[in-house]
Amino acid sequence: MSAARIDKDIASKAMGKPHDGMAQLADSYRALLGYLPPRVESRLLVTGALDPKLVRLQEEIRAHAMNPPCFDTKTAQLMIFGMLVVELSDAAMIHGIAARRAGATWEEMQAVVSMAYIFRGVSAANRGAEILARIAEREAQSASE
870 MSAARIDKDI ASKAMGKPHD GMAQLADSYR ALLGYLPPRV ESRLLVTGAL DPKLVRLQEE
930 IRAHAMNPPC FDTKTAQLMI FGMLVVELSD AAMIHGIAAR RAGATWEEMQ AVVSMAYIFR
990 GVSAANRGAE ILARIAEREA QSASE
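Using my numbering, the letters of the sequence shown map in sequence onto residues 870 to 1014.
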């Protein structure tokens, strides 16, 4: 479910170094998730070198839409997780991790998967259960390090 990391040196040689501010954007993902997802890293490296203004605009819109003042982080991440489970998107894993880091319980996570099942069927139930198990594995691995 996770994309492979690109070779930063090859990307930088081909497209140039990312402009200022990309490292801070990467840090915002690390704060939310505990890591930088490979596809996000690719966008920050590639588009951050070729069109840094676009990256800043994308991130401004993302931050505005994903962090509305009417929802706490946990609620927003649970909703996004559910939307992505319904879509069977690999990104559901990322937002599931964010929801857990924001305090979501396993019961809440399963409730979201169960809601996704109503609208997407067994595929969402299967994918959701797999994601929850993978998140539990990640958490167990982190706890043992």
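Note that beta-carbon positions come from the ideal geometry of N, C-alpha and C, so glycine has one too.
Helix, strand or coil for residue i? Go by DSSP, reduced to three states.
i	result
ARG931	helix
GLU1006	helix
ALA872	coil
ARG908	helix
ALA961	helix
LYS836	With the chain covering 870 to 1014 only, the question about residue 836 has no answer from this structure.
HIS888	coil
GLY917	helix
ASP941	coil
Is the Cβ-Cβ distance between residue i and residue j less than 8 Å?
i	j	result
VAL982	GLY997	yes
ALA918	LYS882	no
ALA993	ALA985	yes
MET952	ILE1000	no
GLU928	LEU894	yes
ILE875	LEU914	yes
VAL924	MET891	yes
ARG989	VAL955	yes
GLN946	HIS964	yes
Taking three-plus beta-carbon pairs below 8 Å as touching, is the region 933 to 952 in contact with the region 966 to 985? yes
At what residue ranges does the region 946 to 1001 contain a whole run of the alpha helix (DSSP H), taking only runs of 4 or more? For the region 946 to 1001, whole alpha helix (DSSP H) runs of length 4 or above, ordered along the chain, are 960 to 970, 975 to 989.
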